[in-house]
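Enquirer:
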Amino acid sequence: MAPHKPPHRRPRRLGTDLPRRDAGVPLCDAVDPVELISPSAGGYARAGFSVAAAGDIAVVGAYGDETQVIGGGSVTVYRRLEGDWTEEIQLLPPVPHVGDWFGYSVATDGARIVVGVPYGAAQGVSRAGHALVYVHDTSLGWQLEAELSNPVFQDRFGSSVDIDGDRIIVDAPGRDFIAEDAGGADIFVRRDGVWQYERDVILNSLVAFSNAGQSVAIDLPHALVGAPRDHALDGTPLGGAVYAIELSETGWSNPVQLDAIDPFANGGFGGSIALDGARAVVGSPDAPWSVFNSAGFATAFEFDNGVWQQTQRLFPPFGPWDTDRFGDAVDVRARQPPDPQLFWHRGWRLRARRDHRCGQHRWPGTNAGSAFLYAAACPCPADLADPAGTLNFFDIVAFIDLYNSGDPGADLAEPFGSLNFFDVAAYVDLYNAGCP
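The sequence shown runs 479 to 914 under this note's numbering.
If you want it as structure tokens, here you go:
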């Protein structure tokens, strides 16, 4: 099957501002990417497997780095100075061991960096996993501040980490508390300058091998824990799940499972999570689309009136392809940062680890990978062709091209997953609404 050609002007995801429960999200004007590569990482370093950024700090994990020992790992910190990104320091394991995978996960809030070491020893327990917290000192640079752990053999503690101010959430997808490899997560709080254990996130509804905590996110007062092998809320076997907890004056609430519309069995819903304020994005990298296996997509949620509600689905702008695993990593910035160079101020950011389509279009070879920025709302979602800012016959032709090719960008109305008259009617509504 030949790759689908993007619309006439630039690759965009058709979308809608209408109050539908599920819809595509527009891929608006792109932001030119800046590639950050550590020259010392080496061919098997897996540099970029984990990334995090906040303000003028960007962190790139390379869990396979062999600088010290095989699979010891490393983390490279970049700082933006006068608009240019420069390497500031390479963090290495304080006590290197073969196969610890230092840097398998990373998180930062700009002042601190959290590094996950899922196969490292913890308090004498081998392969239990731990997480290391680094803090920046104006005189000494990045210094190790704390080691976080909850030592149980093969918990893989530290496979995913996140930080928001004085709280850190760390996963343990191999935890057997409820059932074998059901998983879980722990929250740590910094009080009086000391990081200490606050509570665990135990999900009593988990089934064996749910791998809860494979992805975690925290942005107070919310925290999310993904369980990509759990049963969906509607009972879909292995449909995946995401659990939410909220912090109030009385403490953390009990976990509540997010309701995903039309989940796919073995779709991996919850394999990746991003959270910013009242907006969240959840990846389903193994979900099929049409005839394509593991093409992947992502789902957007918003917290409204005390409930997380699904609002949109996001698909790759070039259409699906086998094993793209779109949504394997996600990020969201709902609030505008001071400088939107790294994260677009209106946007979603998603990455497909293996994107054959974009590899053919943009870079030589397959498995090249790609990233796309999605706006939560475009000023004129029906505007698909030149000239920009006006609607005319060429925009209609662009939509017809999407529709006839079966591109999910034309899937605008229920029932989702197939193209029909209702999708055409939805586009007509958008077209008739015009541009502001």
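By construction, the Cβ of each residue, glycine as well, lies at the ideal position given by its N, Cα and C atoms. From a predicted model like this one, the values you see are computed outputs, not experimental measurements.
Could you check what DSSP says for Asp534 in three-state terms: helix, strand or coil?
Expert: Three-state DSSP puts Asp534 in coil, outside helix and strand.
Enquirer: So for Val547, helix, strand or coil by DSSP?
Expert: Three-state DSSP puts Val547 in coil, outside helix and strand.
Enquirer: Between which two residues does the beta strand (DSSP E) harbouring Tyr721 extend?
Expert: Note, Tyr721: beta strand (DSSP E), Ala719 to Ser726.
Enquirer: Let me confirm a value: Asn628 is counted as buried when at least 16 other C-beta atoms fall within 10 Å, else exposed. Which label applies?
Expert: It counts as buried.
Enquirer: Apart from the five residues just before and just after Val720, which ones in its own chain have a Cβ nearer than 6 Å to its Cβ?
Expert: Hits under 6 Å: Leu702, Gly704, Leu736, Gly748 and Val760.
Enquirer: In three-state terms, what does DSSP make of Leu736?
Expert: Leu736: coil per DSSP, three-state reduction.
Enquirer: Roughly how many whole angstroms lie between the Cα atoms of Gln621 and Pro574?
Expert: Computed Cα separation, rounded: 17 Å.
Enquirer: By the three-class DSSP mapping on this structure, what secondary structure does Leu626 have?
Expert: Reduced to three states, the DSSP call for Leu626 is strand.
Enquirer: Measure the alpha-carbon distance for Gly825 versus Val810 and round it to whole angstroms.
Expert: Note on Gly825: pLDDT 33, under 50, position unreliable in the model; the coordinate value appears next. Roughly 7 Å separates the two Cα atoms.
Enquirer: Does DSSP put Leu753 in a helix, a strand or coil?
Expert: Leu753: strand per DSSP, three-state reduction.
Enquirer: Can you give me the C-alpha to C-alpha distance between Asp764 and Gly745, rounded to a whole angstrom?
Expert: Cα to Cα, Asp764 sits roughly 4 Å from Gly745.
Enquirer: Would you check if the segment 596-612 and the segment 556-565 touch, i.e. whether three or more CB-CB distances between them fall below 8 Å?
Expert: Cβ pair count under 8 Å is below three, so no.
Enquirer: Compare the C-alpha of Thr545 against each of Asn898, Leu908 and Pro571 and name the closest.
Expert: Of the candidates Asn898, Leu908 and Pro571, the one whose C-alpha sits nearest the C-alpha of Thr545 is Pro571.
Enquirer: Could you compute how far the alpha carbon of Ser693 sits from the alpha carbon of Asp678?
Expert: For Ser693 and Asp678, the distance between alpha carbons rounds to 15 Å.
Enquirer: So, is Ile878 buried or exposed, given that buried needs 16 or more other C-beta atoms within 10 angstroms?
Expert: Label assigned to Ile878: exposed.
Enquirer: Once you ignore the five residues that flank Val529 on each side, which residues in its own chain have a CB closer than 6 Å to its CB?
Expert: These residues qualify, in order along the chain: Val538.
Enquirer: Put Ala701 into one of helix, strand or coil per three-state DSSP.
Expert: Residue state, collapsed to three classes: strand.
Enquirer: Going by beta carbon distance, what residues of the same chain come within less than 8 Å of Val639, once the five residues before and after it are set aside?
Expert: Excluding residues within five positions, the ones whose Cβ falls inside 8 Å are Ser583, Val584, Ala585, Val592, Val593, Gly594, Ala609, Ile646, Ile647, Val648, Asp649 and Val694.
Enquirer: Report yes if the CB atom of Gln790 is closer than 7 Å to the CB atom of Glu780, and no otherwise.
Expert: Cβ atoms of Gln790 and Glu780: not closer than 7 Å.
Enquirer: Per DSSP, Thr586 forms a beta bridge with which residues?
Expert: For Thr586, which the question treats as bridged, DSSP gives the partners Ile591.
Enquirer: Starting from Tyr881 and walking both ways along the alpha helix (DSSP H), at which residues does that stretch end?
Expert: Looking at the DSSP string, the run of the alpha helix (DSSP H) that includes Tyr881 is Phe871 to Asn882.
Enquirer: Check for me: the alpha helix (DSSP H) holding Ala609 runs from which residue to which?
Expert: Per DSSP, Ala609 belongs to no alpha helix (DSSP H); it is in the beta strand (DSSP E), His608 to Asp615.
Enquirer: So, are the CB atoms of Gly581 and Ser552 less than 7 Å apart?
Expert: Yes. Within cutoff.
Enquirer: By the 10 Å Cβ neighbour count, where 16 or more other Cβ atoms means buried, how is Pro596 classified, buried or exposed?
Expert: Classification for Pro596: buried.
Enquirer: Tell me, to the nearest whole angstrom, how far the beta carbon of Ser762 is from that of Ala752; I am working on the premise that it is less than 8 Å.
Expert: No, Ser762 and Ala752 are not in contact; Cβ-Cβ is about 13 Å, not under 8 Å.
Enquirer: Once you ignore the five residues that flank Asp697 on each side, which residues in its own chain have a CB closer than 7 Å to its CB?
Expert: Around Asp697: Asp642, Leu753, Asp754 and Gly755.
Enquirer: Let me confirm a value: Asp782 is counted as buried when at least 16 other C-beta atoms fall within 10 Å, else exposed. Which label applies?
Expert: Asp782 is exposed by the Cβ-count criterion.
Enquirer: Name the DSSP bridge partner or partners of Asp664?
Expert: Asp664 pairs with Val648 and Asp678.
Enquirer: Find the nearest neighbour of Trp767 within the set Asp708, Asn870 and Asp885, judged by alpha-carbon distance.
Expert: Of the candidates Asp708, Asn870 and Asp885, the one whose C-alpha sits nearest the C-alpha of Trp767 is Asp885.
Enquirer: Whole angstroms are fine: how far does the CA of Asp670 sit from the CA of Leu716?
Expert: Taking the straight line joining both Cα atoms gives about 42 Å.
Enquirer: Confirm, please, whether the CB-CB distance from Val613 to Glu623 is below 7 Å.
Expert: Yes.
Enquirer: Considering just the uninterrupted stretch of the alpha helix (DSSP H) at Pro908, what are its terminal residues?
Expert: In the sequence as presented, Pro is not what sits at residue 908; that position holds Leu. Unbroken alpha helix (DSSP H) run through Leu908: Phe899 to Ala911.
Enquirer: Is the separation between the beta-carbon of Ala891 and that of Leu880 shorter than 7 Å?
Expert: Against a cut-off of 7 Å, the Cβ pair of Leu880 and Ala891 comes out as no contact.
Enquirer: Closest to Glu778 by CA distance: which of Phe635, Leu792, Thr564 and Ser750 is it?
Expert: Contrary to the premise, residue 778 reads as Ala rather than Glu in this sequence. Here the closest residue by C-alpha is Leu792.
Enquirer: Assign Ala589 to one of two classes, buried (16 or more other C-beta atoms within 10 Å of its C-beta) or exposed (fewer than that).
Expert: Exposed, since its Cβ has fewer than 16 Cβ neighbours within 10 Å.
Enquirer: Could you pull out every residue in the same chain whose Cβ sits closer than 7 Å to the Cβ of Val667, ignoring the five residues on either side in sequence?
Expert: Contacts found: Asp644, Arg645, Gln674 and Glu676.
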